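*Asks:* If you're matching positions, the sequence shown starts at 765 in our numbering and goes up one per residue. Cβ coordinates follow ideal geometry from the N, Cα and C atoms, glycine included. Since the structure is predicted, the reported quantities are computational estimates derived from the model, not experimental observations.
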Amino acid sequence: MREEIAEAQSALSACGVDGTVAAVERLKGQSHISLRVDRVDAPPVALRIEPQHGILPPYDLPSEARLLRLLRRAGIPVPEVLGVCADLEPSADRGRGCLALGWVEGEVMIRQRVEPYTARAYCETLRRIHALDWRAAGLDWLPLPPDSGPALRERGEIMDRLTAFGVADLPHISRLRRALEDRVPDSPLPMLVHGDVNFGNVILRQGNPPRVAAVLDWEQTHLGDPLSDWGRLAAEDLLGNLDLTVEARQVMQEALQRYGRSDHDLHYWTLHQLYKHSSATGALTVLRGWDVDQIAAMYAEPTERLLSSDEPIRFCA
């Protein structure tokens, strides 16, 4: 514990954040080291440190800090940026970035069964993200999708990641990749996409009704197709990771329908996001020693369900 406190103190100082560290708690998360840091006579801080070897490629945390500041100014609920350090270890082969954020009190959405009023708050926040005028918000520095569209761009990035970890040919991953080969969705005008909208990245503040206090983990944010986010939700649902009441499912389905997109596109993005999800867990078989056969079994039924029909997964089904 003493070593953890010393490391957190060093990271806070590197980010330009004052205060004496009193305690450190490791939080859940796979892509970054996430800590709650309690300070003496000062509010707690959320500290995110880039791991030496993670699921995602080396990431530009100063860019995420810039993004969060602009989103907060535009009225999107995100944590306050207290400080950022691009490189904690400049003498290493690749230093680690660090981001210090104001602690957001509330309940992580994934820790509770989602009722309709909670689903409504979530969907309204997601719609605000997608509908944000990103040019007016100063986000025009985010890269635009290529002419081939956001789907093919991301498929290339996923393949690069799979190849880097040596897991591209795992049977359950290659099956999903083959299924995507002849499929391409429509490419609408680019909108702001969060990139990792699972319920674990949403902090709720209870009330009547509850509201979203903060949306976390913006490292995969990009300009692209908002159905990418909805496909992620549908993939999480296929994997049994969404605990929704029947009424909450109806709320989510109605919110999705307001995007006015085709069943073909939603089916595509669900398949795409299941493939992307499998790439992350495939990387974890290398990084964390997860059992390959157990991971493959997790995708067997969802993949079969998606490939047996061109109908999209419906939240209210």
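Since V785 contacts I769 with CB under 8 Å, what's their CB separation in whole angstroms?
*Replies:* 5 Å
*Asks:* Between D1055, L1035, T1049 and A928, which has its C-alpha nearest E1065's C-alpha?
*Replies:* L1035
*Asks:* How about V948: is its C-beta nearer than 9 Å to some C-beta of chain C?
*Replies:* As a matter of chain content, chain C is missing from the structure shown, which is built from one protein chain.
*Asks:* For a test of the three-state rule: what should DSSP assign to A1061, helix, strand or coil?
*Replies:* helix
*Asks:* So, helix, strand or coil for I769, using DSSP?
*Replies:* Under the three-state reduction of DSSP output, I769 falls in the helix class.
*Asks:* From which residue to which residue does the beta strand (DSSP E) around L846 run?
*Replies:* V845 to C849
*Asks:* Can you tell which of V842, E789, D933 and L890 has the C-alpha that lies nearest to the C-alpha of L997?
*Replies:* L890
*Asks:* Can you tell me whether A864 is buried or exposed? The criterion is at least 16 other CB atoms within 10 Å of its CB, across all chains shown.
*Replies:* buried
*Asks:* Looking at the structure shown, is H1031 part of a helix, part of a strand, or coil, going by DSSP?
*Replies:* helix
*Asks:* Which of helix, strand or coil does DSSP assign to R975?
*Replies:* strand
*Asks:* Going by DSSP, what residue range makes up the beta strand (DSSP E) through V868?
*Replies:* Careful: V868 lies outside any beta strand (DSSP E) and carries neither H nor E.
*Asks:* Can you tell me whether R1025 is buried or exposed? The criterion is at least 16 other CB atoms within 10 Å of its CB, across all chains shown.
*Replies:* buried
*Asks:* Run the CB neighbour count on G971, radius 10 Å, all protein chains shown included, and call it buried at 16 or more, exposed below.
*Replies:* exposed
*Asks:* Between which two residues does the beta strand (DSSP E) containing E789 stretch?
*Replies:* V785 to R790
*Asks:* Among residues of its own chain, excluding the 5 on either side of L980, which ones have a beta-carbon nearer than 6 Å to its beta-carbon?
*Replies:* N965
*Asks:* How many Å lie between C887 and L834 at the Cα?
*Replies:* 21 Å
*Asks:* Closer than 7 Å by C-beta to S855: which residues in its own chain qualify, once you throw out the five before and the five after it? Chain order, please.
*Replies:* Caution is warranted here: a pLDDT of 44 is assigned to S855, below 50, making its placement in the model unreliable, and no coordinate value can be reported.
*Asks:* In the DSSP output, what is D802 paired with across the bridge?
*Replies:* Partner(s): A787.
*Asks:* Which same chain residues end up closer than 7 Å to D1007 when comparing Cβ atoms and leaving out the 5 residues on each side of it in sequence?
*Replies:* R877 and V878
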